[in-house]
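Going line by line, the protein sequences match chains A and B.
Read the first sequence against the working numbering and you will find it ends at 108, with the numbers running on by one and no gaps.
Read the second sequence against the working numbering and you will find it ends at 1181, with the numbers running on by one and no gaps.
Glycine included, each C-beta is placed from N, C-alpha and C at the ideal position.
Note that this is a predicted model, so its numbers are computed, not measured.
Below is one structure, written out as structure tokens; comments come after it.
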Amino acid sequence: MKNLSVKKPTGNEYLFEIAVFLATSARGCIDEPPLYGPFRLLDALSKLAELPEYATSLKPDPFLKEIKAIVDEKKFLVMYDVEGFKRAIDEIVEKFAKELKRRSLERK
Amino acid sequence: MDVFEAIKGRRSVRRYKPDAVPKELIEKILDAARWAPSGGNIQPWKFIVVSDKHLLEMVRKVSPGYLGEATLGILVCSDKEKAYRIGGVLGRDYLSVADCAMAVENMLLAAYALGLGTCVVKSFSRIAVKEILEIPEGIEPELLVILGYPAQTPTPPSRIPLKEIAYLNKYGQNFPTSLEE
């Protein structure tokens, strides 16, 4: 998420920004088209993936960075290609599942 | 610019350059807005130009539909009290919304003709926006138009063919058209 202000937000400021996004999205999702729900969740995922850039105590996560790039590229499919949007989410979930397995094995 | 060129060329832009929009262009866009049709000539619209970076940043944060880094926002509001006073329930509940929507379309086309990109945002928190921009009771935020110099030219989305949405004389009767899909 690019910030319009010149000053880069701190980790806490960025976290607060995500919280505001989630709260306002929650209210919006009641009245908005149903497909905006998954769109907001993907947008939230994109924002969360960027958290290590602001909260420097967190380690950068190359996998999340890769996912963020995919999300940012594909999320607008919701506007004109719903089937493509669904496929993109399926692909993202599949990547997460593989990564989950990999991380799980790593912890053993 | 030909009006049809503007209508067909305009896109919802979600990536912008950081350059500020000059005041003269903002004035032209607002002038186009106020010349939109208005039911009963109520002209219920109010336009809040948000150019202050910090205010705009706050508005963006409470607007999940604000995608991209547009350097300017114009919040189009309707004066519900005025609309009701002059236009009754119809004025307050329908005409005021339709008028603002027509004003917004004028803004989008004018902005496009001036080389600007725009995107209409309805996904914002009205409560939060009212608080941030100190909007009084009786004034309702309708649509947020974000503007800036475009950093992308979005692919045109599909449109439903005319034959599926246009009828001749009676609902459901074929409207002959030579326009391609």
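Does the distance from the CB of residue i to the CB of residue j come in under 8 Å?
i         : j         : result
B/ILE1165 : B/CYS1077 : no
B/ARG1010 : B/CYS1119 : no
A/LYS68   : A/ALA49   : yes
B/VAL1006 : B/ASN1106 : According to the sequence displayed, residue 1006 of chain B carries Ala and not Val. No, the pair does not count as a contact, with Cβ atoms beyond the cut-off.
B/PRO1154 : B/SER1012 : yes
B/ALA1036 : B/ASP1093 : no
B/ALA1070 : B/GLY1148 : yes
B/LEU1179 : B/LEU1162 : yes
B/SER1123 : A/TYR80   : no
A/THR24   : A/TYR54   : no
A/VAL71   : A/LEU100  : no
Cα-Cα, which of the options is closest to residue i?
i         : options                                       : result
A/LEU77   : A/PHE85, A/VAL71 and A/GLU106                 : A/PHE85
B/VAL1121 : A/LYS101, A/GLU32, A/PHE16 and A/LYS59        : A/GLU32
B/LEU1144 : B/GLU1024, B/LYS1023, B/SER1063 and B/ASP1052 : B/SER1063
B/VAL1021 : B/LYS1163, B/TYR1084, B/TYR1112 and B/TYR1171 : B/TYR1112
B/SER1096 : B/ILE1026, B/LYS1046, B/ILE1007 and B/LEU1168 : B/LYS1046
B/VAL1104 : B/TYR1016, B/SER1051, B/ILE1074 and B/SER1178 : B/ILE1074
A/ALA88   : A/TYR54, A/GLU73 and A/ILE18                  : A/GLU73
B/GLY1087 : B/LEU1072, B/THR1071 and B/ILE1042            : B/ILE1042
A/ALA44   : A/VAL82, A/ALA26 and A/PRO34                  : A/ALA26
A/LYS65   : A/THR56, A/LYS47, A/VAL82 and A/ALA55         : A/LYS47
B/LYS1082 : B/ARG1060, B/ILE1160, B/GLY1115 and B/GLU1140 : B/GLU1140
B/VAL1129 : B/LYS1023, B/PRO1156 and B/ARG1060            : B/ARG1060
A/PHE63   : A/CYS29, A/GLU17, A/LEU22 and A/LYS98         : A/LYS98
B/ILE1127 : A/GLY28, A/ALA19 and A/ILE18                  : A/GLY28
B/LEU1072 : B/ASN1174, B/PRO1156 and B/LEU1055            : B/LEU1055
B/MET1001 : B/GLU1024, B/GLY1115, B/MET1102 and B/VAL1089 : B/GLY1115
A/ASP61   : A/LYS7, A/GLU17, A/PHE96 and A/LYS108         : A/PHE96
B/GLY1068 : B/GLN1173, B/GLN1152 and B/MET1102            : B/GLN1152
A/THR56   : A/GLU94, A/LYS7, A/GLY37 and A/ASN12          : A/ASN12
B/ASP1052 : B/ILE1132, B/TYR1171 and B/ALA1101            : B/ILE1132
B/LYS1008 : B/PRO1156, B/ILE1048, B/VAL1089 and B/LYS1023 : B/PRO1156
Residue i: buried (16+ other C-beta within 10 angstroms of its C-beta) or exposed?
i         : result
B/ILE1146 : buried
B/PHE1004 : exposed
B/MET1058 : buried
B/ILE1029 : buried
B/VAL1050 : buried
A/LEU35   : exposed
B/GLN1026 : Reading off the sequence, residue 1026 of chain B comes out as Ile, not Gln. The residue in question, B/ILE1026, is buried, as its Cβ has 16 or more Cβ neighbours within 10 Å.
A/SER104  : exposed
B/GLU1142 : buried
A/VAL82   : exposed
B/ASP1031 : exposed
B/ALA1110 : buried
B/LEU1108 : buried
A/PHE21   : buried
A/PHE39   : buried
A/ILE30   : exposed
B/ILE1160 : exposed
B/LYS1023 : exposed
A/MET1    : Annotation note: pLDDT 48 at A/MET1 (below 50); position unreliable, no value reported.
Under 8 Å by Cβ, that's how I've got residue i and residue j pegged, so tell me the actual separation to the nearest angstrom.
i         : j         : result
B/PRO1044 : B/ASP1019 : At roughly 32 Å, the Cβ-Cβ gap does not stay under 8 Å, so B/PRO1044 and B/ASP1019 are not in contact.
A/LEU51   : A/TYR14   : 6 Å
B/TYR1016 : B/PRO1150 : 6 Å
B/GLY1039 : B/GLY1091 : 7 Å
Indicate whether at least one CB of chain E lies closer than 8 Å to the CB of residue i.
i       : result
A/ASP43 : The structure shown contains no chain E; its protein chains are A and B.
Enumerate, from N- to C-terminal direction, the unbroken beta strand (DSSP E) stretches of 3 or more residues contained entirely within the stretch 61 to 89 of chain A. none
Which complete alpha helix (DSSP H) runs does the stretch 1025 to 1091 of chain B hold, if anything under 4 residues is left out? 1053 to 1061 and 1080 to 1090
Quick check for students: name the residue ranges of the beta strand (DSSP E) that lie wholly in the stretch 1078 to 1154 of chain B, counting only runs of 3 or more. 1117 to 1121 and 1139 to 1148
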